[in-house]
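Quick note on our numbering: the sequence shown kicks off at 145 and runs consecutively. Each remark here refers to the structure printed beneath this line.
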Amino acid sequence: MRARLACGLSSCFKALLSGALLAAAVVPCQVMAEEGASSHYRPGTLSSRINKIPPRQSVNVYLDLSEYEGRSRSGLSIPLAGLTVNDLNITSQTYSMNVIWNPGVQLKGGWQYAMAIALPYSSVEISASQEHNTQGHRLRDWDSGLGDIVISPLMLAYSLSEYWLTEIHFNLYAPTGGFEAGKLANVGKNYWSFSPVAWLQYIEPITGQEFTVSGGIDWNTKNEDTDYQTGTQMHVESTLIQYVPLLWGFTGIGLSGYWYQQIRSDSGSGAVSGNVKAKAVGLGPVLSYQTKWSGRSVRAELKWINELEARNRPEGDLISLKLSAQF
């Protein structure tokens, strides 16, 4: 048993290290800024077992409660809803209701089909200094409401072996959140994003290891109100957890991290900052818990991600709590 546990841990750590080295190898030397110094992708929220397709005909409902607090480097110019600001401080909370439906349809080749929707309610508070403001007054603004809905009309899952699973998600971010040009804080982006994400997951129930890695690309349409098109972005996430029997279920502790970078420059007349792109790297601990309640699978996950590096975007911390139940 101990030998098998050590072997499983060694395999997972090797896979995690390989993923990190691969991500570092493909990062070019040029640093990569998106409009508002953020994108539809929320770093550190994808690589989780809670996000995966249910294994059989069922509905997985989960709440995703997250808070991000960050600030930009002094003097860094940031395009924000038609404005150009610097010394930006941002605090945002997102409360998202997510539903993943597996109708029990098995496609040719053994692939399972599912679809999902995420309904976020967001609150954002921003303070910043406006460029060329000689009086030195800081601008402050706050907004809350329905954010940009995420629709996943096509999700595919396939079992590679007893312990290895793969999934492909096609995510569509719709501009349903409020946006007003010239306003410092907006809960919506006012543009569409198309994001295919590929997953690979290892689950060993006997020794209790769980390893997940995901990679995706985001293509964005133009924000017509500001004539700003945020460039294409890439992101890689990974989570490694070790579970032990505890508290009437299984409790796990592990590590989660992400790498995010723009691979194409912003464009349009609103992109006044020139050929700059955004980059961020984050790492932090994760606590997970799973059990059965009234015959249903119930999970919880608490994650803290500290951004170790950020260029041309704010740098800060993300705290995320996810609660899920399968019906």
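The beta carbon of each residue, even a glycine, is placed where N, CA and C say it ideally should be.
Span of the beta strand (DSSP E) around residue i
i	result
S303	V294 to S303
H313	W308 to Y317
I222	I222 to L224
P199	Taken as a continuous stretch (DSSP letters only), P199 belongs to no beta strand (DSSP E), as it is neither H nor E.
S236	L227 to N246
K423	K423 to W437
R440	R440 to R455
A469	E459 to Q470
Spatially closest choice to residue i from the options, by CA coordinates
i	options	result
S240	P199, G214, T189 and E213	T189
S267	S288, S182 and R284	S288
L399	I261, I407 and V430	V430
N233	S183, A329, F338 and A469	A329
V380	Y335, V416, V388 and R186	R186
P319	S409, F338 and S192	F338
L446	Q256, I194 and G326	I194
T374	F394, I397 and W336	W336
L227	G219, D292, T370 and R455	T370
G352	F323, P340, I385 and K327	I385
L283	V243, S464, N230 and F323	N230
Neighbour-count burial assignment, residue i, 16 or more Cβ in a 10 Å radius
i	result
L309	buried
H281	exposed
K423	buried
A457	The amino acid at residue 457 is misidentified as Ala; the sequence shows Arg. Flag for R457 reads buried.
P349	exposed
V388	exposed
F355	buried
G253	exposed
G414	buried
E368	exposed
F471	exposed
V294	buried
G426	buried
Q250	exposed
Cα-Cα separation, residue i to residue j
i	j	result
G321	I261	15 Å
S411	Q377	14 Å
S438	K196	21 Å
G460	Y372	25 Å
Q406	T235	22 Å
L344	L224	35 Å
L300	Q274	46 Å
S382	G428	11 Å
W363	A181	16 Å
G393	S441	10 Å
A258	V420	38 Å
Whole-angstrom C-beta distance between residue j and residue i, which should lie under 8 Å
i	j	result
K466	S192	6 Å
L304	F314	Going by Cβ atoms, the distance from L304 to F314 rounds to 20 Å, so no, they are not a contact pair.
S296	L462	Contact doesn't hold; Cβ gap of about 22 Å is too wide.
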